[in-house]
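K.L.:
Going by this note's numbering, the first residue of the sequence shown is number 38, and it counts up by one from there.
C-beta atoms are modelled at their ideal positions from N, C-alpha and C, and glycine is treated no differently.
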Amino acid sequence: MPTLIRIAGLFTALMLMHAGASAATPKEIEAAKKKGADWIQAKYAKGASGEIGHTCLCGLALLEYGIPGTDPAVKAITESVRNAAYTQNKTYQISLCLMYLDRYGEPADVPLIQALAARLLVGQNLNGGWGYDCIPAVAPADVQLLRGLKPGEPGKLHPEVEKYAQKLPTVRAGKDPIIPDDNSNTQFAVIAVWLSRKHGVPTDAAFTMIENRFRAAQNPQTGGWGYAYSVVGNFTPGEGTPSMYCAGLIGLATGIARREERRTKPEPKPEPKKSEPVVDPKKNPDDPFFNPVTKTPAEPKVEPKKNPPRLADALDRASLMAFTGLGIHLAESARAGNGALLLKTDSVHGRNDLYFLWSLERVGVIYGVEKIGGVNWYEAGAHSLVHTQSPDGSWGRTDYGADVNTAFAVLFLCKSNLARDLSGKVQKEHSTEMKAGNPTGTDPKTTENPGGITKKDPLEPPVFVPGPVGSEVATLAAELVRSGDQDWAKSLAKLRDAKGAVHTQALATAVYKLDGEKRKEVREALAERLTRMNADTLRAMAKVEDPELRRAAVLAMAMKDDKAHIPDLVAALTDDEDFVVRAARAGLRSLTGEDFGPAPNASAGEKTLAATSWRQWMSKQKK
38 MPTLIRIAGL
48 FTALMLMHAG
58 ASAATPKEIE
68 AAKKKGADWI
78 QAKYAKGASG
88 EIGHTCLCGL
98 ALLEYGIPGT
108 DPAVKAITES
118 VRNAAYTQNK
128 TYQISLCLMY
138 LDRYGEPADV
148 PLIQALAARL
158 LVGQNLNGGW
168 GYDCIPAVAP
178 ADVQLLRGLK
188 PGEPGKLHPE
198 VEKYAQKLPT
208 VRAGKDPIIP
218 DDNSNTQFAV
228 IAVWLSRKHG
238 VPTDAAFTMI
248 ENRFRAAQNP
258 QTGGWGYAYS
268 VVGNFTPGEG
278 TPSMYCAGLI
288 GLATGIARRE
298 ERRTKPEPKP
308 EPKKSEPVVD
318 PKKNPDDPFF
328 NPVTKTPAEP
338 KVEPKKNPPR
348 LADALDRASL
358 MAFTGLGIHL
368 AESARAGNGA
378 LLLKTDSVHG
388 RNDLYFLWSL
398 ERVGVIYGVE
408 KIGGVNWYEA
418 GAHSLVHTQS
428 PDGSWGRTDY
438 GADVNTAFAV
448 LFLCKSNLAR
458 DLSGKVQKEH
468 STEMKAGNPT
478 GTDPKTTENP
488 GGITKKDPLE
498 PPVFVPGPVG
508 SEVATLAAEL
518 VRSGDQDWAK
528 SLAKLRDAKG
538 AVHTQALATA
548 VYKLDGEKRK
558 EVREALAERL
568 TRMNADTLRA
578 MAKVEDPELR
588 RAAVLAMAMK
598 DDKAHIPDLV
608 AALTDDEDFV
618 VRAARAGLRS
628 LTGEDFGPAP
638 NASAGEKTLA
648 ATSWRQWMSK
658 QKK
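1) Among residues of its own chain, excluding the 5 on either side of residue 675, which ones have a beta-carbon nearer than 8 Å to its beta-carbon?
2) Let me know the alpha helix (DSSP H) ranges lying completely inside the segment 131 to 184, each 4 residues or longer, listed in chain order.
3) Would you report the Cα separation of residue 532 and residue 605, rounded to the nearest angstrom?
4) Looking at C-beta atoms only, is the number of pairs between the segment 616 to 628 and the segment 589 to 597 that lie closer than 8 Å three or more?
5) Does the Cβ of residue 418 have 16 or more other Cβ atoms within 10 Å, making it buried, or fewer, making it exposed?
6) Would you kindly work out how many angstroms separate the C-alpha atoms of residue 449 and residue 235, rounded to a whole number?
7) Please state whether the Cβ-Cβ distance between residue 85 and residue 124 is less than 9 Å.
8) Looking only at its own chain, which residues have a Cβ that is under 8 Å from the Cβ of residue 184, when we skip the five neighbours before and after it?
9) Which residue comes first and which comes last in the alpha helix (DSSP H) that contains residue 626?
10) Comparing C-alpha positions only, which one of 591, 258, 657 and 108 sits nearest to residue 141?
11) Given this structure, state the Cα-to-Cα distance separating residue 316 from residue 646, to the nearest angstrom.
12) Let me check understanding here. Comparing Cα to Cα, which of 613, 253, 430 and 354 lies closest to residue 641?
13) Quick one: grab the DSSP three-state call for residue 550.
14) Could you tell me the boundaries of the alpha helix (DSSP H) in which residue 573 lies?
15) To the nearest angstrom, report how far apart residue 478 and residue 354 are at their CA atoms.
16) Mapping the DSSP letters down to three states, classify residue 429 as helix, strand or coil.
17) Since I believe residue 623 is in contact with residue 589 (beta carbons under 8 Å), could you give me their beta-carbon distance rounded to a whole number of angstroms?
18) To the nearest angstrom, how far is the alpha carbon of residue 93 from that of residue 632?
19) Tell me the rounded alpha-carbon separation between residue 578 and residue 549.
20) Counting C-beta neighbours from all protein chains within 10 Å, is the total for residue 650 16 or more, i.e. buried, or is it exposed?
21) I think residue 130 touches residue 89, with their Cβ atoms under 8 Å apart; what is that distance to the nearest whole Å?
22) In three-state terms, what does DSSP make of residue 408?
23) Restricting to Cα atoms, I'd like to know which of 566, 425 and 393 is closest to residue 224.
24) Following the continuous alpha helix (DSSP H) through residue 591, name the residue where it begins and the one where it ends.
25) Evaluate residue 120 with the Cβ neighbour count: other Cβ atoms within 10 Å of its Cβ, from every protein chain shown; 16 or more gives buried, anything less gives exposed.
26) Tell me the rounded alpha-carbon separation between residue 237 and residue 369.
27) If I'm right that residue 290 touches residue 463 with Cβ under 8 Å, what's the distance once you round it to whole angstroms?
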């Protein structure tokens with residue numbers, strides 16, 4: 038394979054690490070984040086003005102750092118974004134307004150989020166991409182209509198927004214169906230449209246086109262994509278910047294996540310056989326529902342279904358090629374920077390600049406990968422950022438401007454994850470080998486779908502907590518994640534023992550930002566905290582959208598040693614998330630001394646069968 042990425046002008050680099058220098062320390066990284074966030078706060082504390090896309094990026098950086106919604110800068114940014122969003126008609130601005138309002142999480146903004154998504158959907162062309170423009174100027178009457186809308190039914194498209202969307206002029210109806218587009222606008226639109234799914238916006242057709250776009254337009258020689266759309270056969274070797282590798286991987290990630298949703302969709306319950314008489318279990322003690330696994334020698338026949346191998350498909354191969362190409366760029370950049378990722382003041386857009394670093398961070402977080410091309414992307418990028426920060430806390434006054442560059446840097450250092458439900462599905466489905474960009478990786482194995490309990494708990498899922506409360510949750514979670522080893526136990530105990538729903542939500546949020554032993558300890562603390570909840574609260578929390586909260590609620594039921602929760606634990610056996618199912622099974626074994634399954638990584642049908650066996654056993658205990 039030819040060299041994918043050529044780095045030119047190394048002597049003009051903004052920063053090169055000294056040979057043998059160690060990576061930036063956590064303390065240095067935290068100080069850089071704080072200085073950057075402080076710089077943004079100071080800029081917006083007295084009001085937000087200027088280009089709305091820049092304002093959105095700065096607002097996202099503050100929220101991801103954990104600045105609360107009551108902060109003057111965040112309040113100013115939020116007011117500015119809301120007011121501007123009603124009239125936006127260009128892809129970057131529409132997408133960033135939607136991303137900010139979704140991240141802020143105020144339910145009153147949902148109709149506006151839906152309207153912004155509708156504009157993006159009609160702006161998508163037949164190539165599945167977006168250019169700079171989505172729709173003509175927004176009519177004053179439409180602005181007035183949208184400003185007056187109140188939130189509708191959660192998870193459903195507002196009726197008035199649906200009417201608004203139907204009358205939007207669609208670019209697909211034009212005489213020239215191939216409207217110019219580019220992968221930079223497209224990657225912002227892809228994330229925004231994905232975020233709109235949970236707000237009831239119908240997006241299936243759009244994502245089918247997105248997947249087709251990035252599969253068809255991938256350069257077969259380099260594994261990458263150009264800035265503009267091209268069909269296979271029109272490539273020139275080596276074209277496309279590293280940022281466009283990231284844009285393509287984000288597009289492919291939506292296809293991987295949707296494949297996982299389809300693959301693990303619950304099996305329909307089989308119709309009962311009317312011709313078979315109902316058997317009294319007392320007269321038939323060998324009924325497999327009442328004497329499962331241990332007494333039925335035929336039961337092991339289902340074992341081959343557990344975690345069966347899945348052959349790599351076109352999406353797997355496309356993402357592997359892209360990671361390989363991106364990995365070559367990172368390896369060359371790290372060599373040129375003596376271990377750090379190269380940053381240049383005169384760089385081509387999307388190559389060795391802060392725009393690329395934020396693109397890289399989104400890919401790393403979505404796919405849940407630590408190294409790409411053998412390079413620890415976060416350590417190498419963080420070192421570069423720590424040593425290129427200006428004394429005032431900002432970064433790089435290049436063509437983007439200090440505010441945009443500083444926002445990119447803070448978002449990178451915070452490991453921002455704006456599409457948590459996307460990253461959850463992709464990380465569960467995508468194998469380590471595929472994520473790492475290793476061309477010798479093995480075929481991925483099947484995993485269970487982490488998605489989709491839609492019934493909401495009154496506490497609200499921790500990822501999407503509204504308004505200032507949500508910002509308080511983010512702040513508390515960030516404080517725990519940033520605490521050093523000396524303060525870790527104290528910080529964790531404080532969240533575990535303090536009163537208030539925000540502390541529960543902060544623990545659940547922190548789980549997604551940690552790994553290893555600390556993640557395990559936070560999970561244990563969350564379950565222990567929930568043992569103080571009453572039975573009704575635990576039942577509600579076992580049905581929320583966030584799987585970590587569901588798991589903790591199930592464990593708490595078992596830890597309380599209350600047999601009244603046996604039916605609730607049985608219900609949890611059919612959860613989409615395998616670690617929730619395992620927790621429910623362990624709880625049932627602890628409370629009853631019985632074990633009717635299901636086995637780890639069971640299919641939806643096997644889970645249903647196990648739950649039926651448990652319910653049959655429960656029925657026998659009442660007689």
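P.N.:
Taking the definition as stated:
1) The question about residue 675 has no answer here: the residues shown for the chain are numbered 38 through 660.
2) The segment 131 to 184 contains these whole alpha helix (DSSP H) runs: 147 to 160 and 177 to 184.
3) Looking up residue 532 in the sequence shown gives position 495. Looking up residue 605 in the sequence shown gives position 568. So the alpha carbons of these two residues sit roughly 26 Å apart.
4) yes
5) Sequence index remark: in the sequence shown, residue 418 carries index 381 (1-based). It is buried - the Cβ of residue 418 has at least 16 other Cβ atoms within 10 Å.
6) By one-based count along the sequence shown, residue 449 stands at place 412. By one-based count along the sequence shown, residue 235 stands at place 198. Going from the Cα of residue 449 to the Cα of residue 235 covers about 25 Å.
7) Along the sequence shown, read from residue 1 onward, the residue named residue 85 stands at position 48. Along the sequence shown, read from residue 1 onward, the residue named residue 124 stands at position 87. In this structure, residue 124 does not lie closer than 9 Å to residue 85 by Cβ.
8) Residue mapping note: residue 184 aligns to position 147 of the sequence shown, counting from 1. Only 123 meet the Cβ criterion.
9) For the purposes of this step, residue 626 is taken as residue 589 along the sequence shown, with counting starting at 1. That run of the alpha helix (DSSP H) goes 615 to 629.
10) Taking the first residue of the sequence shown as 1, we reach residue 141 at position 104. The option with the nearest alpha carbon to residue 141 is 108.
11) As a position in the sequence shown, residue 316 is number 279, starting the count at 1. As a position in the sequence shown, residue 646 is number 609, starting the count at 1. Because residue 316 carries a pLDDT of 48, less than 50, the predicted location of this residue cannot be relied on, and no value is offered for it.
12) As a working mapping, residue 641 is identified with position 604 in the sequence shown. The alpha carbon of residue 641 has as its nearest neighbour, out of 613, 253, 430 and 354, the alpha carbon of 613.
13) Your numbering for residue 550 matches position 513 in the sequence shown. Coil.
14) For the purposes of this step, residue 573 is identified with residue 536 of the sequence shown, where counting begins at 1. Residues 572 to 578.
15) On the sequence shown, residue 478 is found 441 positions in, with the first residue counted as 1. On the sequence shown, residue 354 is found 317 positions in, with the first residue counted as 1. Because the pLDDT of residue 478 is 33, which lies under 50, any placement of that residue in the model is unreliable, and the number read from its coordinates should be weighed accordingly. Each residue's Cα considered, the two are about 11 Å apart.
16) As a position in the sequence shown, residue 429 is number 392, starting the count at 1. Residue 429 falls in the coil class under three-state DSSP.
17) Here residue 589 is taken as the residue at index 552 of the sequence shown, counted from 1. Here residue 623 is taken as the residue at index 586 of the sequence shown, counted from 1. Their Cβ separation, rounded to whole angstroms, is 13 Å, which puts residue 589 and residue 623 out of contact at 8 Å.
18) Translated into the one-based positions of the sequence shown, residue 93 becomes position 56. Translated into the one-based positions of the sequence shown, residue 632 becomes position 595. Rounded to the nearest angstrom, the two C-alpha atoms are 52 Å apart.
19) Taking the first residue of the sequence shown as position 1, residue 578 is located at position 541. Taking the first residue of the sequence shown as position 1, residue 549 is located at position 512. One C-alpha to the other measures close to 18 Å.
20) Taking the sequence shown and counting its residues from 1, one reaches residue 650 at position 613. Residue 650 comes out buried.
21) Residue mapping note: residue 130 aligns to position 93 of the sequence shown, counting from 1. Residue mapping note: residue 89 aligns to position 52 of the sequence shown, counting from 1. Going by Cβ atoms, the distance from residue 130 to residue 89 rounds to 5 Å, so yes, they are a contact pair.
22) The residue labelled residue 408 in the question sits at position 371 within the sequence shown. Strand, per DSSP.
23) To locate residue 224, count along the sequence shown from 1; it is residue 187. Nearest C-alpha to residue 224: 393.
24) As a working mapping, residue 591 is identified with position 554 in the sequence shown. First-last of the alpha helix (DSSP H) with residue 591: 584 to 596.
25) Indexing the sequence shown from 1 puts residue 120 at position 83. So residue 120 ends up on the exposed side.
26) Translated into positions along the sequence shown, residue 237 becomes position 200. Translated into positions along the sequence shown, residue 369 becomes position 332. Their backbone Cα atoms lie some 43 Å apart in a straight line.
27) Taking the first residue of the sequence shown as position 1, residue 290 is located at position 253. Taking the first residue of the sequence shown as position 1, residue 463 is located at position 426. The C-beta separation of residue 290 from residue 463 comes to about 5 Å, placing the pair in contact by the 8 Å criterion.
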